[in-house]
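**Q** For reference, the structure I am asking about is given below.
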Amino acid sequence: MIEIGQAEFIGNIKKALNRKDSCKQTLEDIIQTVPNSDDLKLLEKIKGRDNKIHAALFNRLAENGKSLNMVVTMKKDAQSAAASIARIAAQKNSEWGDKKTVVAWDHPLVRSLELSTHLQACNIPVHYPDLKSGSNQLKKFSTQAADSFIGITSADFCIAQTATLTMKTRVGQPRCVSLLPSIHIAVIKPGQILSDLKELYTLLKWDSDEQTEGITDCMTFITGPSKTADIEATLVNGAHGPKELYVFVLNE
Amino acid sequence: MNILNYKSEAECAINNPVLQKALANLQERIGKGTAQGYRELPEGPELRLKAHAIRMRSIENLDILLIALADGIRKNGGHIHFAYDGKTALKHCLEIARKHNVKLAVKGKSMLTEEIGLNHALNDAGIETVETDLGEYIIQLAGEKPSHIIAPAIHKTKEQIGRLFQDKLGIAYTDDPPALTRAARKALREKFLQADMGISGCNLACAETGHITTVSNEGNIRMATTLPKVHVAFMGMERVTADLKDHEILFRLLAMGAAAQKMAGYVSYIGGPARSGQTDGPEAFHLIVIDNGRSRILADTDFREMLCCIRCGGCLNVCPVYGKIGGHSYGYAYSGPVGAVVNPLLMGINRASDLCLGESLCGACMEACPVNIDIPRMLLLLRAKLAQGDKTWDVKVKSRVEQVSFAAWSCLIQSRPLYDLFLKTAYHGQKLLPRNNKMISRLPFAGKGWTQSRDLQPLAEQSFISRFKDNFAEKQND
Amino acid sequence: MTSTKTVTLFVQCLVDSLYPQVGEAMVAIFNKLGISMNCPSDQTCCGQPAFNAGYRKAARAAAKRFIKIFENSESIVCPSGSCVNMVKNHYQELFEDDVKWLERAVQTGQRTYELSQYITDILKIEDVGACCNGKITYHDSCHLLRGLGISEQPRRLIRNIKGAELIEMLESDRCCGFGGTFSVKYPVISTAMVDDKVHNIIASGADIVTGCDISCLMNIQGRLNRIGSSVKTLHIAQLLAD
């Protein structure tokens with residue numbers, strides 16, 4: 000065992016790279032630190048999209064989602080999305096317990112669905128993370144998520160090219176909602192659909208709001224429901240994460 | 000570390016019809032799917048060259064990138080440890096486990112932890128360590144080693160897995176892959192919810208933002224890095240890239256190389272422990288950056304390119320040799336063409352000489368590589384070291400007999416009259432050899448290997464050069 | 000057909016000693032096309048066996064000899080993809096630290112062609128007026144395909160053979176398991192690979208398997224003969240000469 004610290008570890012690499020001591024480069028000398036004209040043009044393009052373009056992106060997203068067993072549908076408003084969620088909740092069985100419960104993000108778009116009202120009819124409680132509570136209470140939410148059969152989130156973006164949802168972790172928007180329940184439903188607006196990953200990375204890198212927030216302690220990309228092909232290369236959905244994934248696009 | 004038994008393991012694999020079918024199936028589905036996927040990329044297969052350039056640029060600035068990554072991780076409240084060798088990495092991990100009083104660890108698939116023997120070390124320390132990637136879980140239950148970087152249990156049939164689960168999980172026998180997957184899902188969920196420590200590898204890190212990334216299709220790594228109170232990530236030092244936007248190309252190509260997908264199921268950027276007010280995520284995040292022989296590869300510009308590898312396993316899915324001998328023959332964490340270069344460089348070129356020599360140099364791996372690594376070039380260089388010896392890499396000459404033979408060959412081909420004399424002698428000599436349908440059916444000495452299963456065209460009585468002189472040269476002069 | 004072109008024959012050592020009929024077929028093709036030829040009688044081997052086995056010094060000596068013999072030729076044509084790949088691509092690796100020889104290697108490499116490539120790409124001929132009755136399947140040899148990027152040229156020539164039908168086998172681009180010394184040092188693996196190849200050849204229903212590299216064909220033929228198959232193995236030059 001050879002125990003060395005960071006300086007010596009990096010020193011070895013410098014030696015391997017044949018670096019001169021005079022080399023005082025830092026990361027800023029290597030990466031792009033100012034957006035170029037292409038980046039700016041792309042940012043403009045994303046911001047300047049109208050309904051027609053969003054509709055076309057939606058169609059591409061829905062098409063690309065199909066082969067991933069990911070259901071992408073347009074909903075005319077929050078009411079209709081909530082009704083769809085209630086239908087799914089009524090039809091599907093609970094996987095991890097007898098009782099059906101739902102967990103959801105504390106997020107304006109998710110709140111606008113008024114899920115508690117819609118799910119009351121079938122007697123399904125909806126749990127939101129309780130932001131005012133102490134840390135023990137916070138931890139309890141994970142247990143609630145583990146017992147739930149549906150998790151409802153929004154997302155930051157959804158990429159049409161790959162059918163990928165992207166979400167940063169924020170207070171009130173825990174990771175486990177898109178992970179522990181058997182069914183994950185994400186609700187987004189048409190303007191959140193991007194064309195491809197290049198647009199996403201351009202926004203992450205150069206959009207001022209994104210820059211300010213950073214990519215948080217955990218940013219996740221989700222493409223389709225959980226899957227595995229580890230047994231004889233046969234595709235099976237629902238290895239550890241959700242078995243089903245729905246994206247509802249609220250067109251209002 | 001394993002003692003390499005390439006030839007006998009290979010023979011075993013070739014004589015195992017179940018494995019042969021599984022390997023053919025894998026290569027047919029994923030290998031061909033990947034090739035098709037590259038062709039369908041908006042940028043075409045040429046995108047791989049761009050990815051190669053991105054990776055090379057990162058490798059050539061590794062010192063700067065690692066410093067930036069370390070600063071970023073610390074700024075985000077995480078811890079970073081640097082381990083020169085595997086043992087030190089294990090020590091760091093065990094210390095973290097002890098500090099947090101860890102009893103149960105859940106693991107995402109990581110070839111690096113396989114390389115350093117992490118599971119063994121944790122088990123020895125009394126920490127139950129559960130592999131959570133379905134394929135890894137299967138082989139852990141079976142007490143075997145992974146045979147593929149991405150599909151570790153590809154060598155097992157659904158019937159074998161059915162019996163294994165019946166035995167180890169106490170479920171009724173089934174060979175239905177969805178039912179088997181559900182059984183593992185249920186068993187592992189318990190572990191995820193109870194575990195104190197989550198262990199992952201790292202696919203790519205980002206120096207600019209101070210994040211590592213993890214990739215999976217199953218969601219097991221998200222589970223392992225979200226639920227337990229401590230997350231320990233292991234990263235080969237070469238996995239860091241400079242710029243966040245580098246990831247756009249690399250993730251698309253990684254998914255394509257690994258599983259013929261446009262994008263992997265889950266990609267997570269992890270930059271530290273959970274922030275206050277969050278309901279999940281670990282309380283502590285540790286990144287262990289490992290050298291373990293990599294700086295030696297970095298120092299040799301002939302092999303530096305190998306550090307571009309992002310361990311997608313794409314080369315395994317097309318290699319005709321891997322397609323016959325499977326992963327276990329390679330005797331080390333990495334199998335297939337990538338293993339044939341990386342294993343000798345990490346474990347010793349003489350020790351792994353069979354890996355350098357036991358390839359047909361067909362070049363399919365390079366076309367399948369998402370970052371276009373020239374594996375055949377490096378295999379040839381490794382062979383040169385074995386042939387002639389090499390001080391830098393402590394390589395001893397592999398075969399003096401072969402060395403002498405090639406020296407003789409070299410003399411022979413320097414003089415046409417001498418060469419002709421040799422051909423003439425050999426022509427007469429071969430009359431003593433047995434024939435099958437006019438072809439030679441048994442060769443002596445080194446040629447035995449050929450005629451074990453094949454016949455050989457005998458030497459012609461008159462060489463072409465001589466015939467040309469006699470028949471054609473004159474005619475042309477007329 | 001007449002042409003002012005002259006080709007210099009670069010004869011793969013295996014063709015020279017084991018399959019002279021392939022060389023003669025190449026001569027017949029050029030005669031038919033009215034191309035004049037010369038064939039340096041002191042040539043031996045391009046050095047590929049030594050290079051692939053790691054004996055770079057011996058390979059370098061062979062390469063220098065080759066360059067000296069061939070560097071003043073207008074066009075160097077060889078009935079082997081892997082030998083051409085050696086001269087065109089690997090010679091540069093051999094001389095990367097020797098500017099003078101590197102230059103000579105590059106110059107020589109630029110004028111070196113594989114036979115089917117020379118006929119289609121340089122002579123711009125796709126029909127050499129050959130006849131052959133039978134179903135033919137084509138094996139893509141690795142260095143020809145991946146080193147030189149040649150796959151369509153030989154197929155076009157075969158399709159234009161009168162009476163012949165080109166049938167694609169499954170995985171025609173998969174290695175046959177030859178790999179030089181690999182086939183002798185690792186016979187079990189090599190045999191498993193050639194068995195897959197032979198299986199695909201037989202399954203294609205072809206009467207003849209052909210290709211542009213006699214080394215692969217020697218391997219395939221050796222296995223076909225051993226298992227008593229009636230499929231004939233012929234180098235593409237032999238098909239085009241008739």
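Residue numbers (numbering that gives the first Met the number 0), protein chains in the order written: chain A, 0 to 251; chain B, 0 to 477; chain C, 0 to 241.
For every residue, glycine included, the Cβ atom is placed at its ideal position computed from N, Cα and C.
None of the values given here were measured: they were computed from a predicted structure.
In the DSSP assignment, find the unbroken alpha helix (DSSP H) run with residue 207/B in it and report its ends.
**A** If you number the second sequence from 1, residue 207/B lands on position 208. That residue, residue 207/B, is in no alpha helix (DSSP H); it is neither H nor E in DSSP.
**Q** Looking at residue 36/B and residue 284/B, is the spacing between their C-beta atoms short of 8 Å?
**A** Locating residue 284/B in the second sequence gives position 285, where the first residue counts as 1. Locating residue 36/B in the second sequence gives position 37, where the first residue counts as 1. No.
**Q** Taking only beta-carbon atoms, is residue 25/A less than 8 Å away from chain B?
**A** For the purposes of this step, residue 25/A is identified with residue 26 of the first sequence, where counting begins at 1. Cβ-Cβ to chain B under 8 Å: yes for residue 25/A.
**Q** By alpha-carbon positions, which one of 126/A, 120/A, 77/A and 109/A ends up nearest to residue 100/A?
**A** Your numbering for residue 100/A matches position 101 in the first sequence. The candidate whose alpha carbon is nearest that of residue 100/A is 126/A.
**Q** What are the residues that DSSP puts in a beta bridge with residue 434/B?
**A** Stepping through the second sequence from its first residue, residue 434/B is reached at position 435. The partner list for residue 434/B (beta bridge, DSSP) reads 439/B.
**Q** For residue 85/B, count the other beta carbons within 10 Å of its own beta carbon; 16 or more makes it buried, fewer makes it exposed. Which is it?
**A** Residue 85/B sits at position 86 when you count from the first residue of the second sequence. Per the 10 Å Cβ criterion, buried.
**Q** For my contact list, residue 240/A and residue 221/B are in at a C-beta cut-off of 8 Å; report their separation, rounded to the angstrom.
**A** As a position in the first sequence, residue 240/A is number 241, starting the count at 1. As a position in the second sequence, residue 221/B is number 222, starting the count at 1. Between residue 221/B and residue 240/A the Cβ distance is about 7 Å, and since that is below 8 Å, they are a contact.
**Q** Under 8 Å, Cβ to Cβ, is there at least one residue of chain B near residue 261/C?
**A** Residue 261/C lies beyond the range of chain C shown here (0 to 241); nothing can be said about it.
**Q** Can we say the region 141-153 of chain C touches the region 116-123 of chain C, given the rule of at least three CB pairs closer than 8 Å?
**A** Result yes; three or more Cβ-Cβ pairs closer than 8 Å.
**Q** Have a look at residue 476/B and residue 35/C and give me their C-alpha separation to the nearest angstrom.
**A** Walking along the second sequence from the start, residue 476/B turns up at place 477. Walking along the third sequence from the start, residue 35/C turns up at place 36. Residue placement at residue 476/B is poorly supported in this model, since its pLDDT is 49, which falls under 50; the coordinates still yield a value, given next. In a straight line, the C-alpha of residue 476/B is about 10 Å away from that of residue 35/C.
**Q** Please return the same chain residues whose Cβ sits closer than 6 Å to the Cβ of residue 164/A, not counting the five positions on each side in sequence.
**A** Numbered from 1 along the first sequence, position 165 holds the residue referred to as residue 164/A. Cβ within range, chain order: 154, 157, 185 and 221.
**Q** Measure how close the beta-carbons of residue 309/B and residue 249/B come, nearest whole angstrom, since I'm counting them as under 8 Å.
**A** Here residue 309/B corresponds to residue number 310 of the second sequence, with the count starting at 1. Here residue 249/B corresponds to residue number 250 of the second sequence, with the count starting at 1. Right, their Cβ atoms sit about 7 Å apart.
**Q** Let me know if residue 130/C comes out buried or exposed under the rule of 16 or more other beta-carbons within 10 Å of its beta-carbon.
**A** Numbered from 1 along the third sequence, position 131 holds the residue referred to as residue 130/C. With fewer than 16 other Cβ atoms within 10 Å, it is exposed.
**Q** Tell me whether the beta-carbon of residue 213/A lies closer than 8 Å to the beta-carbon of residue 179/A.
**A** On the first sequence, residue 213/A is found 214 positions in, with the first residue counted as 1. On the first sequence, residue 179/A is found 180 positions in, with the first residue counted as 1. Not closer than 8 Å, so no.
**Q** Would you decide whether residue 436/B is buried or exposed? Buried here means 16 or more other CB atoms lie within 10 Å of its CB.
**A** On the second sequence, residue 436/B is found 437 positions in, with the first residue counted as 1. Residue 436/B is exposed by the Cβ-count criterion.
**Q** In the region 7-26 of chain C, which residues sit with their C-beta less than 7 Å from some C-beta in chain B, listed in chain order?
**A** Answer in chain order: 10, 14, 15, 16, 17, 18, 19, 22, 23 and 26.
**Q** Taking 8 Å as the cut-off, decide whether the C-beta atoms of residue 233/B and residue 200/B are in contact.
**A** Here residue 233/B refers to the residue found at position 234 of the second sequence. Here residue 200/B refers to the residue found at position 201 of the second sequence. It is a contact, given that the beta carbons lie within the stated cut-off.
**Q** Check each residue of the region 257-277 of chain B: if its Cβ is closer than 9 Å to any Cβ of chain A, include it; give the result in chain order.
**A** Answer in chain order: 258, 260, 261, 262, 263, 264, 265, 266, 267, 268, 269, 270, 271, 272, 273, 274, 275, 276 and 277.
**Q** Does any CB atom of chain B fall closer than 8 Å to the CB of residue 64/A?
**A** The residue you call residue 64/A lines up with position 65 of the first sequence. No, its Cβ sits nowhere closer than 8 Å to a Cβ of chain B.
**Q** Unbroken beta strand (DSSP E) runs of length 3 or more, entirely within the region 150-216 of chain C: which are they?
**A** Counting whole runs of 3 or more residues, the region 150-216 of chain C contains the beta strand (DSSP E) stretches 161-165 and 207-210.
**Q** Shortest alpha-carbon distance to residue 39/A belongs to which of 200/A, 27/A and 166/A?
**A** In the first sequence, counting from the first residue as 1, residue 39/A sits at position 40. Checking every option, the nearest Cα to that of residue 39/A belongs to 200/A.
**Q** For a contact defined as C-beta to C-beta under 8 Å, what are the partners of residue 219/A on chain B?
**A** Translated into positions along the first sequence, residue 219/A becomes position 220. Neighbours of residue 219/A on chain B, chain order: 221, 265, 266, 267 and 268.
**Q** Interface residues of chain B around residue 109/C at Cβ under 7 Å?
**A** As a working mapping, residue 109/C is identified with position 110 in the third sequence. Chain B residues near residue 109/C: none, gap ~21 Å exceeds 7 Å.
**Q** Counting only beta-carbon separations shorter than 8 Å, does residue 251/C have a partner in chain B?
**A** Residue 251/C falls outside the range modelled here, since chain C spans only 0 to 241, and no answer is possible.
**Q** Just how far apart, CA to CA, sit residue 288/B and residue 384/B?
**A** Position 289 of the second sequence, counting from 1, holds the residue named residue 288/B. Position 385 of the second sequence, counting from 1, holds the residue named residue 384/B. Taking the straight line from one Cα to the other gives about 30 Å.
**Q** Can at least three beta-carbon pairs, one atom from the region 3-10 of chain B and one from the region 72-91 of chain A, be found at a separation below 8 Å?
**A** No: fewer than three Cβ pairs fall under 8 Å.
**Q** Does residue 377/B pass the burial test, meaning 16 or more other C-beta atoms within 10 Å, or should it be called exposed?
**A** Here residue 377/B corresponds to residue number 378 of the second sequence, with the count starting at 1. Under this definition residue 377/B is a buried residue.
**Q** Can a CB atom of chain B be found closer than 8 Å to the CB of residue 35/A?
**A** Taking the first residue of the first sequence as position 1, residue 35/A is located at position 36. Output row for residue 35/A: interface = no.
**Q** What does the Cβ neighbour count give for residue 0/B, buried or exposed, with the cut at 16 atoms within 10 Å?
**A** To locate residue 0/B, count along the second sequence from 1; it is residue 1. Any reading at residue 0/B needs caution, since the residue's pLDDT is 38, under 50, leaving its predicted position unreliable; the model's value is listed next. Counting Cβ neighbours within 10 Å, residue 0/B comes out exposed, since fewer than 16 surround it.
**Q** Give the straight-line distance between the Cα atoms of residue 441/B and residue 182/C, rounded to the nearest whole angstrom.
**A** Numbered from its first residue, the second sequence carries residue 441/B at position 442. Numbered from its first residue, the third sequence carries residue 182/C at position 183. Taking the straight line from one Cα to the other gives about 15 Å.
**Q** Taking the Cβ atom as the reference point for each residue, do residue 267/B and residue 219/A lie within a distance shorter than 8 Å?
**A** Taking the first residue of the second sequence as position 1, residue 267/B is located at position 268. Taking the first residue of the first sequence as position 1, residue 219/A is located at position 220. In contact: residue 267/B and residue 219/A (Cβ atoms closer than 8 Å).
**Q** Measure from the alpha carbon of residue 71/C to the alpha carbon of each residue in 153/C, 159/C, 110/C and 213/C, then state which is nearest.
**A** Position 72 of the third sequence, counting from 1, holds the residue named residue 71/C. Of the candidates 153/C, 159/C, 110/C and 213/C, the one whose C-alpha sits nearest the C-alpha of residue 71/C is 110/C.
**Q** Kindly list the residues whose CB is nearer than 6 Å to the CB of residue 252/C, restricted to its own chain and excluding five residues on each side of it in sequence; keep chain order.
**A** Because chain C here runs from 0 to 241, residue 252/C falls outside it and cannot be looked at.
**Q** When you compare each of 201/C, 234/C and 10/C to residue 82/C by their alpha carbons, which one comes out closest?
**A** Locating residue 82/C in the third sequence gives position 83, counting from the first residue. Comparing Cα positions, the closest option is 10/C.
**Q** Given 8 Å as the limit, is there contact between the region 185-194 of chain B and the region 209-218 of chain B, that is, 3 or more CB pairs closer than that?
**A** At 8 Å Cβ cutoff, the stretches do not touch.
**Q** Run down chain B in chain order and give the residues with a C-beta less than 7 Å from the C-beta of residue 31/C.
**A** Counting from 1 along the third sequence, the entry for residue 31/C is found at position 32. Those do not exist, as residue 31/C stays about 13 Å from chain B at its closest Cβ, beyond 7 Å.
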